[in-house]
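S.K.:
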Ligand SMILES: [Ca+2]
Ligand SMILES: [Ca+2]
Ligand SMILES: [Ca+2]
Ligand SMILES: [Ca+2]
Ligand SMILES: [Zn+2]
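Residue numbers (the working numbering): 640 to 1213.
Structure below.
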């Protein structure tokens, strides 16, 4: 018997060895939504399974004392993260936009799990640093799972605010009247209420025409008048919108709703801004939200001005490719094509720190509509309304799990009402069977941008004897990728030191040095002081030619040292 067990163990080990190539060190299935404890556990497992590739750090505590986790993916064997171009990814700054966390978690998992399986991923992880903060608004996302909730509740930071100026803070938010664990909608019979039952589907309501009698008035989310002031749900939790609380062109709440009392007043905002400032190597940031199926760039408001042409070209390069990686998504400009925002993360990153970035608005409502072919709908006036199509999708694809039909409830303040509507994990959030594709395609855009962080190479163009014991040394510094070593905004606003190209060698006597302005006309911008040290930047898919006039002969080392594009060196003989 004992022998048999040993034999079985041995064959199991062998089987495990055979399977090792396809097995994941950390198994995470992306067919459900994970609550905060589960997300934390996944991050800890990834960190434990990939100790030399990851560092898991709490950037600080939220208002309710939860950790704000940041998973750094950087191969410590290939150097410090600060010496590599960095990509920043975060999600769920709006606490009810929960799937953004899954996209971040998937991106982290994919980079690590595929490190030894896909050459391209291996190369990316070895040469770039990734900073992934799956959940910014940890408190509200955690409560989205824990509390009675609705798809529309939980955008705010957990900072009390007197929304109705009655001297009481957060005294009257929605209540789960019928105790089913969900906050749905209320309606009451009212012949002047503006709504009637849809004859095509009794679950649906449609607006009445001005001359028609109504059946229903809509009363918003379930709730009582908790403080007896005559209003229901007039002052729920918050409202501080962390994506209006960042420090570029912050505007007070009477201009920008949800701005908070001062910039970075919410704890995650302060923690994250301190963090990004400590990582000047970040070249690009992604902030995932829902919804709309959008790839959004700034400017988010007129106060940010217009972006320089060369930076717009970089944005367009990624945006247009992004629309193909993410079918159905549109690449847009936030402040022009959507609405004006002040104090948002994206503008803070670009206008204050000169860092390119996208807001990813995950998921769009057409994904949960029961659409016949698009052309048919446009020509067909009898096509069912969008809300009926959503009901049909629920009936036939989600098996009726998305909507709760109206039922009577005896409200102590309103009398007989009805409660029903779209349930919490619907509407802004895709059904669970759609999670994996959403995650993979969005992670693919992150990887595409990561591939295009500046990749600098140097080559010797010439060492030319120009007489009188002098030699002309020319080198070319090239960037084969789309992201420049510094954005135009970073250069214009002098946010970072520029890239440094130095030449040194024992006995090297440098007469002059500078950037070759025009190689064909032989024009050089010589610098006045310290010609051994030249400051510049390398454009998107561009180059810089550098020249030194030196005396004598020997060996010299040329070094390129950049804040966002890493370091390179080249040894030459002259
Ligand atoms: Ca109040
Ligand atoms: Ca309820
Ligand atoms: Ca009230
Ligand atoms: Ca009140
Ligand atoms: Zn959002």
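C-beta: ideal position from N, C-alpha, C; glycine also. The model shown is predicted, which means the values in this text are computed figures rather than measured ones.
Could you tell me how far apart the beta carbons of residue 1009 and residue 1032 are, in whole angstroms, since I believe they sit closer than 8 Å?
M.R.: About 4 Å separates the two Cβ atoms, so the contact holds.
S.K.: With DSSP as the reference, please indicate the residues paired to residue 1206 in a beta bridge.
M.R.: DSSP lists 1200 as partners of residue 1206.
S.K.: If you follow the beta strand (DSSP E) that residue 921 is in, where does it begin and where does it stop?
M.R.: Element bounds for residue 921: 921-929.
S.K.: From the DSSP output, in three-state form, read off residue 646 for me.
M.R.: Note on residue 646: pLDDT 48, under 50, position unreliable in the model; no value is reported.
S.K.: Measure the C-alpha to C-alpha separation of residue 1135 and residue 941 and round it to an integer number of angstroms.
M.R.: Distance between the alpha carbons of residue 1135 and residue 941 is about 25 Å.
S.K.: For my contact list, residue 906 and residue 701 are in at a C-beta cut-off of 8 Å; report their separation, rounded to the angstrom.
M.R.: At roughly 6 Å, the Cβ-Cβ gap stays under 8 Å, so residue 906 and residue 701 are in contact.
S.K.: Measure from the alpha carbon of residue 933 to the alpha carbon of each residue in 999, 923, 910, then state which is nearest.
M.R.: For the residues 999, 923, 910, the minimum Cα distance to residue 933 belongs to 999.
S.K.: In this structure, what does DSSP give as the bridge partners for residue 758?
M.R.: According to DSSP, residue 758 bridges with nothing at all.
S.K.: Look up residue 855 in the DSSP assignment and say whether it is helix, strand or coil.
M.R.: Strand.
S.K.: Roughly how many angstroms lie between the CA atoms of residue 1190 and residue 1210, to the nearest whole one?
M.R.: Going from the Cα of residue 1190 to the Cα of residue 1210 covers about 17 Å.
S.K.: Three-state secondary structure (DSSP) at residue 701?
M.R.: The answer is coil: DSSP assigns residue 701 none of H, G, I, E or B.
S.K.: What's the C-alpha gap between residue 1074 and residue 960?
M.R.: For residue 1074 and residue 960, the distance between alpha carbons rounds to 22 Å.
S.K.: Residue 688 lies in the alpha helix (DSSP H); which residues open and close that run?
M.R.: Element bounds for residue 688: 675-688.
S.K.: Distance, Cα to Cα, residue 717 vs residue 1092?
M.R.: Computed Cα separation, rounded: 17 Å.
S.K.: According to DSSP, simplified to helix, strand and coil, what is residue 850?
M.R.: It is coil, neither helix nor strand.
S.K.: Heavy atom of ligand 4 less than 6 Å from the Cβ of residue 803, yes or no?
M.R.: Answer for residue 803: yes, Cβ within range of ligand 4.
S.K.: Kindly list the residues whose CB is nearer than 7 Å to the CB of residue 1171, restricted to its own chain and excluding five residues on each side of it in sequence; keep chain order.
M.R.: Answer for residue 1171: 1141, 1142, 1143, 1149, 1152, listed in chain order.
S.K.: Which stretch, first to last residue, makes up the alpha helix (DSSP H) that contains residue 1026?
M.R.: Per DSSP, residue 1026 belongs to the alpha helix (DSSP H) from 1025-1035.
S.K.: To test your reading of the DSSP string, which unbroken alpha helix (DSSP H) runs of 4 or more residues are found completely within the stretch 879-959?
M.R.: Qualifying alpha helix (DSSP H) stretches, in chain order: 906-916.
S.K.: Less than 6 Å separating the Cβ of residue 676 from some heavy atom of ligand 4?
M.R.: Residue 676: no, Cβ never under 6 Å from ligand 4.
S.K.: Does DSSP put residue 823 in a helix, a strand or coil?
M.R.: It is coil, neither helix nor strand.
S.K.: Once you ignore the five residues that flank residue 954 on each side, which residues in its own chain have a CB closer than 6 Å to its CB?
M.R.: For residue 954, where only same-chain residues beyond five positions count, the Cβ hits under 6 Å are 936.
S.K.: Under 6 Å from any heavy atom of ligand 4, does the C-beta of residue 866 make it?
M.R.: Checking every heavy atom of ligand 4 against the Cβ of residue 866, one is found closer than 6 Å.
S.K.: Under 7 Å, do residue 835 and residue 854 count as touching if we go by C-beta distance?
M.R.: Yes, they are a contact pair.
S.K.: Looking only at its own chain, which residues have a Cβ that is under 8 Å from the Cβ of residue 686, when we skip the five neighbours before and after it?
M.R.: The answer, listed in chain order, is 693, 694, 695, 710.
S.K.: Mapping DSSP to helix, strand and coil, what is residue 1212?
M.R.: The answer is strand: DSSP assigns residue 1212 an E or B state.
S.K.: How far does the alpha helix (DSSP H) with residue 1075 in it reach, from first residue to last?
M.R.: Run containing residue 1075: 1074-1090, per the alpha helix (DSSP H) assignment.
S.K.: To the nearest angstrom, report how far apart residue 845 and residue 1126 are at their CA atoms.
M.R.: Their backbone Cα atoms lie some 50 Å apart in a straight line.
S.K.: Start and end of the beta strand (DSSP E) containing residue 799?
M.R.: First-last for residue 799: undefined, no H or E at that position.
S.K.: Closest to residue 914 by C-alpha separation, out of 951, 969, 725, would be which residue?
M.R.: Here the closest residue by C-alpha is 725.
S.K.: For the alpha helix (DSSP H) holding residue 741, just list the boundary residues, first then last.
M.R.: Looking at the DSSP string, the run of the alpha helix (DSSP H) that includes residue 741 is 738-752.
S.K.: In three-state terms, what does DSSP make of residue 977?
M.R.: Helix, per DSSP.
S.K.: So if DSSP puts residue 792 in a beta bridge, which residue, or which two residues, is it bridged to?
M.R.: Paired residue(s): none; residue 792 is not in a bridge.
S.K.: Looking only at its chain, what residues have a beta carbon closer than 8 Å to the beta carbon of residue 655, apart from the 5 residues adjacent to it on each side?
M.R.: At residue 655 the pLDDT is 49, less than 50, meaning the model places this residue with poor confidence and gives no usable figure here.
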